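Undergrad: With full-length UniProt numbering applied, the sequence shown covers 1 to 256.
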Amino acid sequence: MDKFGLEMTITHQPLGFSYGDDVTGPMPEIRTLEQIRPSLRNPDCTGPEQVYAIAMDVARLADRQELEKRMLLFGVVTYAAGTLGDEPVRSQGHVHRISQHSGWSPPELYEIWQGKAIIYMQERVEDDPGRCFAVLAGPGDKVLVPPGWGHATISASPDVPLTFGAWCDREYGFEYDAVRARKGLAWYPLVQGNHIIWQHNPHYQPGRLQTITPRRYSEFGITDAPIYQQFIDDPARFQFISRPDRAAELWQNFHP
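1. Thinking just about the alpha-carbon of each residue, which of Val76, Ala59, Leu40, Leu72 is nearest to the one in glycine 93?
2. In angstroms, rounded to a whole number, what distance separates the CA positions of arginine 237 and glutamate 123?
3. What whole-angstrom Cβ distance do alanine 55 and glycine 75 have, given they're in contact under 8 Å?
4. Considering only DSSP beta bridges, list what tryptophan 167 is partnered with.
5. Between alanine 166 and glycine 148, what straight-line distance do the alpha-carbon atoms span, to the nearest angstrom?
6. Measuring CB to CB, does leucine 250 end up less than 8 Å from aspartate 86?
7. Is glutamine 199 helix, strand or coil when you go by DSSP?
8. Leaving aside the five residues before and after proline 48 along the sequence, list all residues of the same chain whose C-beta is less than 6 Å from its C-beta, in chain order.
9. Kindly indicate which residue of Phe240, Trp113, Ile98 has the alpha-carbon position closest to the one of threonine 78.
10. State the CB to CB distance for the pair leucine 84 and isoleucine 241, rounded to an integer number of angstroms; the pair is presumed to be in contact (CB under 8 Å).
11. Out of Tyr217, His255, Tyr228, Phe254, which one is the CA nearest neighbour of arginine 64?
12. Where does the unbroken alpha helix (DSSP H) through serine 242 begin, and where does it stop?
13. Give every residue of the same chain whose Cβ lies closer than 6 Å to the Cβ of lysine 116, excluding the five residues on either side of it in the sequence, and list them in chain order.
14. If distances are taken between C-alpha atoms only, which option among Asp234, Trp198, Ser91 comes closest to tyrosine 176?
15. How big is the Cα-Cα spacing for lysine 69 and threonine 11?
16. Out of curiosity, what's the CA-to-CA distance linking glycine 130 and arginine 182?
17. Mind listing, in chain order, the continuous beta strand (DSSP E) runs of no fewer than 3 residues lying wholly within the segment 19-47?
18. I'd like to know whether the C-beta atoms of arginine 37 and tyrosine 52 end up nearer to each other than 8 Å.
19. Given glycine 221, which residues of its chain have a CB within under 7 Å of its CB, disregarding the five upstream and five downstream residues?
20. Kindly identify the DSSP beta-bridge partner or partners of proline 146.
21. Note down the Cα distance separating isoleucine 119 from aspartate 21, rounded to an integer number of angstroms.
22. Glutamine 230 by DSSP, collapsed to three states: which one?
23. Between the Cα of valine 23 and those of Lys3, Ala62, Asp44, spot the shortest distance and give me the residue it belongs to.
24. Around the Cβ of arginine 243, are there at least 16 other Cβ atoms within 10 angstroms (buried) or fewer (exposed)?
25. Per DSSP, what are the beta-bridge partners of tyrosine 79 in this structure?
26. Can you tell me whether DSSP reads valine 179 as helix, strand or coil?
27. Expressed to the nearest angstrom, what Euclidean distance is found between the alpha-carbon atoms of asparagine 201 and threonine 213?
The following block contains the structure:
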């Protein structure tokens, strides 16, 4: 996986990662089916027992000091192949907790490494969820989730385990309560043949879902290069992730 800027190997049995000589990272945390049942449309479904593995704070040794100074953290996630009943394998859906050092709920920048993903996001986790988007992404694509939005990452390739990297705030935290109180986010993805279809969650006001493809986010200085390599080339480039206040005007009327 060094084509994405980090020397890593993805493992599937068991689910997780191994790191190259100059890369460090934690033992991956495994999210089991039992743990994520409360956020599924059908909590009694069957599926892979280990749903996904997540490793937060993966980095080259040479970059650790700079990342800590900039309050940045790189996370890597890999999903199991298969489905969760009639739902695709997916994260639970959450909002990022407000970081004390910035006073903002941090944004997050994803890059798909293998498989196909849908990054689902909605403006708010309230009765009126605001604008709702499903961003369809494949290997090399980048997707930016803005501050404060509810979001989930969904596998759109049941036969190919989805793997992705993401830039996050070092003081990251996930809030699930508002999502779980509404039995999930505003739209449920369902597997139908080779396609993902969508069902509205009745715990929200009716609205519409916009399905889109990734864009470049040139206003943030993001290029087509791998996002970890972009940090190596310019350590200041992703400061807007840990200090979203410095890009406040760009978040107004943001369109994924």
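Idealized CB from N, CA, C, for every residue including glycine.
Fair warning: this is a prediction, and the values are worked out from it, not measured in the lab.
TA: So, from the listed chains and residues:
1. Leu40
2. 25 Å
3. Contact between alanine 55 and glycine 75 holds: their C-beta atoms lie close to 7 Å from each other, under 8 Å.
4. Phe74, Leu109
5. 16 Å
6. no
7. strand
8. Ala80, Gly82
9. Trp113
10. Your pair leucine 84 and isoleucine 241 does not check out as a contact, with CB atoms roughly 30 Å apart and the cut at 8 Å.
11. Tyr228
12. 239-242
13. Gly138, Ala156, Ser157
14. Selected option, being the one with the closest Cα: Ser91.
15. Distance between lysine 69 and threonine 11, taken at the CA atoms: about 31 Å.
16. 15 Å
17. Every unbroken stretch of the beta strand (DSSP E) spanning 3 or more residues and falling wholly within the segment 19-47 is given here in chain order: 29-32.
18. no
19. Arg237
20. Under DSSP, proline 146 shares a beta bridge with no residue.
21. 31 Å
22. helix
23. Ala62
24. Buried is the call here.
25. Tyr52
26. helix
27. 23 Å
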